[in-house]
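**Student:** Residue numbers (the numbering used here), protein chains in the order written: chain A, 11 to 596; chain B, 47 to 313. Even for Gly, the Cβ is constructed at its ideal location relative to N, Cα and C. Owing to the predicted nature of the structure, the values given are computational and were not obtained by experimental measurement.
1) Please state if the CB of residue 303 of chain B and the CB of residue 55 of chain B are separated by a distance shorter than 7 Å.
2) Can you check whether the C-beta of residue 224 of chain B is within less than 7 Å of a C-beta belonging to chain A?
3) Any beta carbon of chain B sitting closer than 7 Å to that of residue 323 of chain A?
4) Do you know whose CA, among A:90, A:535, A:573, lies nearest residue 293 of chain A's CA?
5) Could you list which residues in chain A have their beta carbon closer than 9 Å to that of residue 297 of chain B, in chain order?
6) With a Cβ-Cβ cutoff of 7 Å, do residue 123 of chain B and residue 217 of chain B count as a contact?
7) What three-state label does DSSP hand residue 243 of chain A in the structure shown?
8) Are the beta-carbon atoms belonging to residue 182 of chain A and residue 510 of chain A less than 7 Å from one another?
9) Taking CB distances under 7 Å as the criterion, tell me whether residue 308 of chain A reaches chain B.
10) What residue range does the alpha helix (DSSP H) around residue 157 of chain A cover?
11) Listed in chain order, which residues of the region 48 to 70 of chain B have Cβ atoms closer than 7 Å to some Cβ of chain A?
12) Does the region 371 to 378 of chain A come close enough to the region 387 to 401 of chain A to have 3 or more Cβ pairs within less than 8 Å?
13) Around the Cβ of residue 322 of chain A, are there at least 16 other Cβ atoms within 10 angstroms (buried) or fewer (exposed)?
14) Excluding five sequence neighbours on each side, which residues of the same chain lie with their C-beta closer than 8 Å to the C-beta of residue 87 of chain B?
15) Can you pull the chain A residues whose beta carbon is under 8 Å from the beta carbon of residue 277 of chain B, in chain order?
16) Can you have a look at residue 93 of chain A and say buried or exposed, based on whether 16 or more other CB atoms are within 10 angstroms of its CB?
17) Using only the alpha-carbon positions, how far apart do residue 342 of chain A and residue 473 of chain A sit?
18) Am I right that residue 584 of chain A and residue 326 of chain A are in contact with their C-beta atoms under 8 Å? What's the rounded C-beta distance?
19) Measure the C-alpha to C-alpha separation of residue 513 of chain A and residue 504 of chain A and round it to an integer number of angstroms.
20) Starting from the beta carbon of residue 467 of chain A, find every residue of chain B whose beta carbon is closer than 8 Å, and list them in chain order.
21) What does residue 253 of chain B reach in chain A if we use C-beta pairs closer than 9 Å?
22) Could you give the DSSP three-state label for residue 100 of chain B: helix, strand or coil?
23) Once the 5 residues before and after residue 240 of chain B are set aside, which same chain residues still bring their CB inside 6 Å of it?
24) Select from the region 178 to 209 of chain B all residues with a C-beta closer than 8 Å to any C-beta belonging to chain A, and list them in chain order.
25) In the DSSP assignment, the alpha helix (DSSP H) including residue 135 of chain A goes from what residue to what residue?
26) In chain order, what residues of the region 460 to 490 of chain A put their CB closer than 7 Å to some CB of chain C?
27) So is the beta-carbon of residue 64 of chain B under 6 Å away from any non-hydrogen atom of the ligand ZN?
28) Identify which residue in B:295, B:130, B:273 has its Cα closest to the Cα of residue 285 of chain B.
29) With distances taken between CB atoms, is the gap from residue 570 of chain A to residue 324 of chain A smaller than 7 Å?
30) Using beta-carbon positions only, say whether residue 147 of chain A and residue 200 of chain A come within less than 7 Å of one another.
31) Taking a Cβ distance cut-off of 8 Å, strictly less, list which residues of the region 100 to 114 of chain B are near chain A, in chain order.
32) When the cut-off is 7 Å and only beta carbons count, does residue 94 of chain A lie next to chain B?
33) Thinking just about the alpha-carbon of each residue, which of A:219, A:433, A:112, A:247 is nearest to the one in residue 489 of chain A?
34) Need the endpoints of the alpha helix (DSSP H) that residue 361 of chain A sits in, please.
35) Is it the case that the region 200 to 215 of chain A contacts the region 120 to 133 of chain A, given that we only count it when at least three CB pairs across the two stretches are under 8 Å?
36) Could you check if residue 52 of chain B is buried or exposed, using at least 16 other CB atoms within 10 Å of its CB as the buried criterion?
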C-alpha cells in the first residue's frame, strides 16, 4: 500500500514538474474585453492586433514588413528595462513601472510635457495660450484621439477630466479652477480665480494630470483601488495589451490615432522589470533590453564603472537635478538658532557625502540648495565648505561650549545636546543611512553629540509622523529630478498655502519662504519665476534652514546597436515623452 | 587537559573562539582607527589601511575588529537565552512528565513548525529597533532543538535508580534538579550552547546583510551589506567583501567544532 502511495506521489510530482517546465501558455486573465490588456503567464508573447508588423521577441528591432517607402524605419519592439515592479496598472497613480512610464505619456494623454530644455510643450493639447494675467488657458486638443477601448475622446471627457481632478483627486494646482468651457469641436478654456495656469501646467508634467475617460471613471471615488483592465485604459500613444506578473513584463502596442507629436515610430514597447540595477545592467550589456528607465533613479555610480567602455552601450551621462538634502529642525533648540545652523554647515564632510551619493562623479554643492541643472540656479551663491575648525570656532562664539568637560558641547543655557538625525524612510535606505552616518561622524568631530533615530529608519509611518510633527533636529531627505520646477524648496515648507496638499517636511516657519516659494511656482512668466527662485536660494544661504549635500551626475544607459535618434535628456534619460516619435531602427 | 589535547578538533575550535574573544576584548587597542571616522573612500589595501577603506572612507580593518564585538555579543547573548529557555522547559517537561510534558512538547512542536526566518523578519519589523530586539527575534524560535534534546536526556536521568531513591526519600525537587539532573546535562548544554552561538551569529549576519541588523554598529553582516550594496563584488573589491565572509565562516566553524567534537569527547 505504502509503495503504491509513494509511486502515485512520485508520478504526481513528475507531472507537476513537466507541467511547470512546459513552454505552452495559457491565458490567466480569461477572455479580455476588446483592446483591454490580458494577463499572460511566463513566456507568453502577445499577438499584436493593431500593428501590421512581424514582431520578434528578445529586443529585436527589425523594420516593419512593409515600411512606408520614405518613412522612418520603425522600431518593432523597444524593450525598456526598469527596476520598478510590473504589478499595478492604474491610470490614476504613479505607482510601479506603469505609473512611472506614464510620466512620459506612454498610455496617458498628458496635456503637456517638458522638453529637453525644460520648456513646456503641448502633448494631448494640440496648442494652448495663456492669458497675460495667468488666469485663463485656451487650448485645443488632437482631433481623432481615441481611448484604448476604441471609443473617441470627447469634449465631455475633457470637462469630466478637469472636474474629476479638481473635485475627486483633489489636485492642489487645480484648487482655484472655477470654470471649464468647451469653445468648439476641439477647443476649450479653463478659468482660474488665481493666476494658477502656469502652476498647474508645470506641476501637471509630474504625472498629476491627464485626460480621464468619463465612461470609466465617472462615479469612482476610490480610484486607486481599481484593478480591472479598464483602469489601464488611456488615450496615450500606446495601449497596454498584456502583462505577466511572473516574468514582470508588460507589453504595449502603438495606437496610431494618438500620434500627438507626429508619426509613432515604435510599434511595440515591452517594459521588463529587473530585481535590481546590477541585473538590469548585465541584461543590457547582453543586449536583452534597449534602454534603462526608472523615474528619478539613475544607475548607481558605483555600478556604472563596471560597464564603462562596453561596445554599443552608451552610459547616458548627464547632470542630475535630483539631490539629497539636510533639513534642520528649526522649531526647537538648538536648530532654531541660525548661528548654530551656520556653524553646522561648516562641519559636514561634504566630499565624503558627495562620494557616498555619487562616487567620483559627486561634487559638493553651494549654499543655495539648488543644482546648476535646475532652472533659476544662482551661481553667485558661495559653495558649501567643509571646515571643522571654522565650525568649532563659530560654535564657541555662539555659546555652544563643552562646559562640563565630557567631550560634548552644551547649549548656551548649559543643557546637554543630543541631536536626533532622521534619514527619510525608503525601501532603499542605503544611501540615506550612509548620509546619516556621515552627518553623525561629522558632528561628533566638532563636539556635537547626535544619534540616528533608529525608530524613524525602521518604519515609514514613524518617519512620516516625526517629520510632519517636526520631531527632529536634522532630517535627511531626497528630492527627485522630476521636482526640478517646484525645486527641493517644496519639501522645506513648514506649512502649505490654503487648498494646497502634498508632502512637505520643513520646520522653518517663515512667511518669506512660503511667499517666495508660491510666488515662484505660480509665476506667470520666466522673469517672476527666476526672481523668486533666486530669493529662495539667498534665503537658504542666509538662514541655512537646509542644504544640499552634493551635485550629482546621472546615468540612464541605452544601447546604440539597433536603435538610433535617441534623445538623452538631462536627469531623465532616453525614455521620455518624445521617444515614441523620434527613435528609429538602424 | 590531556583529553583536550587528544581532541584536536575541539582544541582548534577553542583556539578560534579564544582568538575572537580576545580581539573583541582588545578592540580599542587593536583597532588602528575609529571605525566610524570618515576618510578617503574606496582606498585599496595599503600599509596605512590593511584592508582598504569603504565608501565612507572608514578603515575596513578597524570595522572588522569592532565587528567581532557585535557578532559575538549577539551570538553569545542569544545562545544564553536559548539555552536558558530550552533547559528550563526541558527540566520541567522531563522531570514532571504528564500534562506539563505534553503541553511543553506541544509548544515545542508548534514552535518548530513555525518557519523561523520569516518570523524573525516579522519580529524585527514590529519590534523597536536595537540590539535587544535583534536578540529576542533571533532567540524566539531557536530554543526548540535544545528543549527537545534536553528533555529526552532529563527523562532518561529521572529513570535512574538514584533519582528514584532521592524522590522516595523526599529530597526536594530543586535539589534533585539542580544538584543531580542539571550537572549531568552539562555536556549537552555546552554543546547546544556552542551550536546556538554559531546559529545566532549566522542569523545576525544574514539579517544585517539584508539591512535589518543593528544600525550604526559595526558587525560583519553589516559590513557585507554595504559591500554588496556598493557593488564591491562587481568592482572586484575583494578586500571589502571577503574579510567579513571569512570571519563569519571561521567564527561559526570555531563554535561548531566545539559543539560537535565536544559531544564526541564525551562519547
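**Tutor:** The structure says:
1) In this structure, residue 55 of chain B lies near residue 303 of chain B, with their beta-carbon atoms less than 7 Å apart.
2) Chain A contact via Cβ: absent.
3) For residue 323 of chain A, no Cβ of chain B is located within less than 7 Å of the residue's own Cβ.
4) If we check each option's Cα against that of residue 293 of chain A, A:90 comes out closest.
5) In chain order: nothing, as chain A lies at least about 25 Å away.
6) Not in contact: residue 123 of chain B and residue 217 of chain B (Cβ atoms no closer than 7 Å).
7) Residue 243 of chain A carries a coil assignment under DSSP once its states are collapsed to helix, strand and coil.
8) By the CB criterion at 7 Å, residue 182 of chain A and residue 510 of chain A fall inside the cutoff.
9) Interface criterion not met: the Cβ of residue 308 of chain A is under 7 Å from no Cβ in chain B.
10) For residue 157 of chain A, no alpha helix (DSSP H) encloses it, and the DSSP letter there is neither H nor E.
11) Along the region 48 to 70 of chain B, there is no position whose C-beta sits under 7 Å from a C-beta of chain A.
12) Result yes; three or more Cβ-Cβ pairs closer than 8 Å.
13) When all chains shown are included, residue 322 of chain A counts as exposed.
14) Here the set comprises 99, 100, 101, 102, 103.
15) For a Cβ distance threshold of 8 Å, residue set 288, 310, 312, 313, 316 of chain A lies close to residue 277 of chain B, ordered along the chain.
16) It counts as buried.
17) Rounded to whole angstroms, residue 342 of chain A to residue 473 of chain A spans 18 Å at the Cα level.
18) The Cβ separation is near 6 Å, so the contact holds.
19) In a straight line, the C-alpha of residue 513 of chain A is about 10 Å away from that of residue 504 of chain A.
20) Neighbours of residue 467 of chain A on chain B, chain order: 175, 261.
21) Scanning chain A for C-beta atoms nearer than 9 Å to the C-beta of residue 253 of chain B yields nothing, as the closest lies near 12 Å away.
22) Three-state DSSP puts residue 100 of chain B in coil, outside helix and strand.
23) 301, 304, 305, listed in sequence order.
24) Answer set for the region 178 to 209 of chain B: empty.
25) Careful: residue 135 of chain A lies outside any alpha helix (DSSP H), inside the beta strand (DSSP E) at 135 to 140.
26) Within the model displayed, chain C is absent; protein chains A and B are what it includes.
27) This structure lacks the ligand ZN, and indeed carries no ligand of any kind.
28) Checked all of B:295, B:130, B:273; the closest Cα to residue 285 of chain B is B:273.
29) Taking 7 Å as the Cβ cut-off, residue 570 of chain A and residue 324 of chain A qualify as a contacting pair.
30) Yes.
31) So the close ones are 101, 102, 103.
32) For residue 94 of chain A, the closest Cβ of chain B is not nearer than 7 Å.
33) It is A:433 whose Cα lies nearest to the Cα of residue 489 of chain A.
34) Here the alpha helix (DSSP H) through residue 361 of chain A covers 360 to 368.
35) Counting Cβ pairs under 8 Å, three or more are found: they touch.
36) Residue 52 of chain B comes out exposed.
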